[in-house]
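What follows is a short report on a single structure.
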Amino acid sequence: MKIRGYRTVWLHIVLLAFIFVGSLQNFAVAEAVGPGWHMTTQTDPVSPETAKAYYSNLSKTIAQKPSTKTLMQAEALVQSAAESTTPEITELARALQHDPKQIYEYVHNHINYVPYFGSLKGATLTYLDGAGNDFDQASLMIALLRASGYTAQYVYGQMIIPDHSTANQMDMQHWLSIDANNSIVSQVLANGGIPASYFGASWLVDRVWVETTIDGVTYDLDPAFKVYEETSGVNIQAAMGYNRTALTQAAGGTVGTDFVQNLNETGLKTSLDAYSLNLANYIRTNYPNAEIEEIVGGRKIKPEYLDQLPTGLNFSDIPQSYWTDIPATYIHTIRIKHGGIDQTFNIADLAGKRLSMTYRNASQGAGAMLVSAATSLAAEQTPPALSTPTGTSTPLLPSGGAVATPATTIQTQGINASSPSLKGGSLAIMAAAATSTWDFGRTYPTGYVDGTMSLKNTNATTIKLVVTLLSNTSGAYAFVSGGGTYNVAPGVTAPIKVRFKGTGQTAGTKTAQLRVQWYSGTTLFADVYTNLTGIVASPLTLGGYGMNVQTFLNEPYTATCRLQNNGTKVLTIASIATLTGTNPTLFSIVSGGGTGTIAAGGYRDI
C-alpha cells in the first residue's frame, strides 16, 4: 500500500535513513491525499443512495431552521459563492487569454486532485493552494469561465469509473495514484467521505463537473479527473556509492539490544559528507534541471492539451442536479462559539483573510463581540464621534531571557459616543470629556508592549491635535510617535504609538492617562481621556518540590514529583540534573531530567 505525504528533504537525514531502510526506492509516499487531509473516519465508503438521502434530509432541516440573531456582528466578511470572481481570478483569466481551452488545460494540468467531499476551498483558495477536489476545481473553472464572459454551471451526479489496470490508465488507480487494489480504493474514498459503491470491475462515485455553453454548443468538462504518472527516481544508493558495512565500521560504537552508544562522530560525519558530495555531483552531472520527483520518485499529472473542447465526459455519467451555486448543505463551514455567541462562516469566505475577535464595551450590550477579517488591527478615531474605545492586547513575555520586541498592537474598537459635529464651519464646545480604558496587558521587567491607534480628521477643515500623557507617575508609558501638538489636514490620519515598558519598573499595575484635544483654531471642541493600564510581571520563581520516600535495604523505590507551569507562556528548562544534600549518591533521576520546555498549563514529571 502506498501512503503519500508532503516531503521535505534534508540530505544528511536521508542518508542516515539508509542505515535502517537501505534504499529510497522503497520509501512510502502519500501524495494522493496531500498534507493535512488524513481523516481516516471509516473503512467503507457511504453509498451514493445513502448520501442522497442524508443530504436531502439535511436540506430540509436547514430550510426549516428559524433565523436567529446573535450579539456577534460580521465586519469585512462578505458571504460569497464558491466561484466568486476575486482579483486573483480576474488576473488569472486574463493571463489565460479568456480562452476556454486554456482555462480547462490550466485547471486540469496544474491543480492537484485531493480526495475529499464537498466544497471546502472555493475558486480562489484552490488556485492559491494548487490543489482541491472536484467541487473546488469545478468552482475554479466556473469562476474563470464566468470572468471570461461565458455561462457555466455545476453538474452533480455519479460516474462509473473502472477500478484499475486499464490500458489507457483512465481508472481509479491512476486517478488516485495508488496501488491496483480495491481495498485501498475503498479506504481512500471512505477517508475522504466520498459516496461510492463497487460493482463488477467499476466504481459508482459521486462527482461534480462543469457544464458550459459556448457559441451555442454545450460542453461537459471534468477538470478534476486526471491521470497521474509515477516516476521511480534514480538509484540514490548507487549514485552516492553507499556501502552499509563501510558506514557502520566508520560509525563504530557499541550496539545493544535496543540502543547504540559511543558512536565515532568524526568517522560518521566524514562518511556522510563523502556520500553527500557523491550524490550532489551525480545529480549535477546527470540531472541538472530535474524536479525533486525525478530524483526521489513521486507522481505528476499527465498533461492534457486540446485541439477543441470535448462535448462529452470520459465515463458514463448519471446527472442528478444542476447548480448555479453550490447548495449550503455541501459547503464546509467553521462555527465560532463563545458564551452566548454562535455564528457559522463558509471556510472559502475566510480564505486569505486574518480573523480577529475582540470585545466591545458594556454600553453596546453584555457580551457584544466583533468578528472581522480586516488586514489591520488599527482602528480610527474621528473628531465628530468621540472615542469610547476598549482595547485588547496579547502581551509578550520572553522565553529564556529574550526581550519581548516588537510587542503587540492594541486594537481599539469603534467610536460610539455622541458628540458635536461641524456644520457650516462652526464648532460646538464639548461639555464633558469622554473616558475609556486602554489595556496593555502584561510585560516582562526587561520587555515592553507597543500600542497604536489612529486619529482621522473627517472634517472639511484642518484640525489641531494636542496629544499628552498625564498622571504617568511611574514613567512606564512614553510616546514612540504621535505625541505633542500638530495639525491634521482634512481626510488625513495621524497615528499615535504608545509604549508600555517594564525596564526600570517594579512589579505591579502601572497606570497613566492619554489625553487627546481637538482644536479648530483656538476653539476646543473635543477633549478625550483614555486611561492606560498595564502590568509589569514579577520574575518567575519556583518553590521547592520534594517527596518522602520510605524503603527497605536492597529494595529500590521510585517516586515522582511534578513541575507544573501555571503561567500563560512556555517555560524553558535550562537543566534538571543536579542532586545535592547529605546522601546524593543514594538517589538518581530516572526520567524527566535535562533541558526542554513546558507549555502553558503543562507539566513535567520527574
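Position one of the sequence shown corresponds to residue 351 (our numbering), numbered consecutively onward. Idealized CB from N, CA, C, for every residue including glycine.
Alpha carbon of residue i to alpha carbon of residue j, nearest angstrom
i, j, result
"D692", "T930", "55 angstroms"
"T812", "Y869", "9 angstroms"
"F665", "L921", "58 angstroms"
"G602", "T620", "13 angstroms"
"A401", "P660", "30 angstroms"
"G542", "A589", "38 angstroms"
"D572", "V610", "55 angstroms"
"A781", "Q867", "Per-residue confidence for A781 stands at a pLDDT of 27, beneath the threshold of 50, marking its modelled position as unreliable; the derived number appears in the next sentence. Taking the straight line from one Cα to the other gives about 13 angstroms."
"H514", "Y456", "26 angstroms"
"Y879", "P840", "23 angstroms"
"T802", "F790", "11 angstroms"
"L495", "L442", "11 angstroms"
"G825", "I697", "46 angstroms"
"F377", "D484", "With a pLDDT of 35 at F377, under the threshold of 50, the predicted position of this residue should be treated as unreliable, and no value is reported."
"Q487", "N636", "36 angstroms"
"Y477", "A574", "13 angstroms"
"I926", "A857", "28 angstroms"
"D877", "R865", "7 angstroms"
"L777", "D449", "Reliability of the predicted coordinates at L777 is poor, the pLDDT of 26 falling under 50, and no value is obtained from them."
"L747", "D699", "Caution applies to L747, whose pLDDT of 28 falls short of 50 and renders its modelled position unreliable; the value that the coordinates give is listed next. Whole-angstrom Cα-Cα distance: 34 angstroms."
"L618", "L597", "7 angstroms"
"Q519", "T947", "51 angstroms"
"D800", "L819", "15 angstroms"
"L663", "E438", "29 angstroms"
"I885", "T683", "38 angstroms"
"F549", "A403", "21 angstroms"
Run of the beta strand (DSSP E) containing residue i, from where it starts to where it stops
i, result
"G946", "G946 to I948"
"R912", "R912 to Q914"
"S547", "A546 to F549"
"T922", "L921 to I923"
"G858", "G858 to S870"
"P573", "No beta strand (DSSP E) holds P573; DSSP gives it neither H nor E."
"R557", "S552 to I564"
"A844", "T843 to K851"
"A443", "Unbroken run through A443 is the alpha helix (DSSP H), P437 to A445; no beta strand (DSSP E)."
"A678", "Per DSSP, A678 belongs to no beta strand (DSSP E) and is neither H nor E."
"R954", "Y953 to D955"
"D667", "S666 to W673"
"Q508", "T501 to P512"
"S515", "Run containing S515: none; DSSP gives neither H nor E here."
"Q693", "I691 to N696"
Element boundaries [alpha helix (DSSP H), containing residue i]
i, result
"F485", "D484 to A497"
"H524", "M522 to L526"
"N459", "P450 to H460"
"Q537", "N532 to N541"
"A588", "I586 to A589"
"V646", "I642 to V646"
"I633", "E615 to N636"
"T474", "G472 to D479"
"Q599", "R594 to A601"
Assigned exposure category for residue i - 16 Cβ within 10 Å defines buried
i, result
"Q763", "For Q763, the pLDDT reaches just 26, beneath the cut-off of 50, and the residue's location in the model is therefore unreliable, leaving the point undetermined."
"Q670", "exposed"
"G591", "exposed"
"S938", "exposed"
"Q658", "exposed"
"A757", "The predicted model places A757 with a pLDDT of 29, which falls under 50 and marks its position as unreliable; any figure quoted below should be read in that light. It is buried - the Cβ of A757 has at least 16 other Cβ atoms within 10 Å."
"V396", "buried"
"V464", "buried"
"F875", "buried"
"Y625", "buried"
"R649", "buried"
"T562", "buried"
"N837", "exposed"
"G480", "exposed"
"P934", "exposed"
"I544", "buried"
"L936", "exposed"
Assumed close pair residue i, residue j - CB separation to whole angstroms, cut-off 8 angstroms
i, j, result
"A540", "D394", "6 angstroms"
"N915", "G951", "7 angstroms"
"G834", "V817", "6 angstroms"
"T581", "G647", "6 angstroms"
"Q508", "R557", "7 angstroms"
"V577", "W525", "7 angstroms"
Contact between the stretch 479-492 and the stretch 453-468 (3+ Cβ pairs under 8 angstroms): The stretch 479-492, when compared against the stretch 453-468, does touch it at the 8 angstroms Cβ threshold.
Are at least three pairs of beta-carbons, each pair with one atom in the stretch 620-634 and one in the stretch 548-556, less than 8 angstroms apart? Output reads no: the stretch 548-556 does not touch the stretch 620-634.
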